[in-house]
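Every number in our numbering is 15 more than the matching position in the sequence shown, counting from 1. Report on the following structure.
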Amino acid sequence: NTYGTGCFLMLNAGPKPVYSNHQLLSTIAWQIGEERTYALEGAVFVAGSLIQWLRDKMELFQNA
Numbered sequence: 016n017t018y019g020t021g022c023f024l025m026l027n028a029g030p031k032p033v034y035s036n037h038q039l040l041s042t043i044a045w046q047i048g049e050e051r052t053y054a055l056e057g058a059v060f061v062a063g064s065l066i067q068w069l070r071d072k073m074e075l076f077q078n079a
């Protein structure tokens, strides 16, 4: 997982690409030699911005 303005989650899909019907991205996770491993990636593009808004505008907490 990475957190910034967005939150992106990658799930190991194994040695063959998996294609989603739910707007997930099929991507190469890594490759060592000829052996390739695929992943599915999902994204929430405003996750970090939401936390900042809850802190700064809604004042629900002080630190984030």
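Yeah, the Cβ is synthetic: ideal placement off N, Cα and C, and Gly gets one too. This one's a predicted model, so the numbers in the text were calculated from it and none came from an experiment.
Cα atoms of S64 and W45: separation of roughly 29 Å, rounded to the nearest angstrom. Excluding the 5 residues flanking it on each side, L40 has same chain C-beta neighbours closer than 6 Å at E56, in chain order. Judged by DSSP secondary structure, G63 falls within the alpha helix (DSSP H) whose first and last residues are 62-71.
DSSP, read as helix, strand or coil, puts T52 in strand. In this structure A54 is buried. Its beta-carbon is surrounded by 16 or more other beta-carbon atoms within 10 angstroms. Measuring C-alpha to C-alpha distances from E50 to each of Q77, E74, G29 identifies G29 as the nearest.
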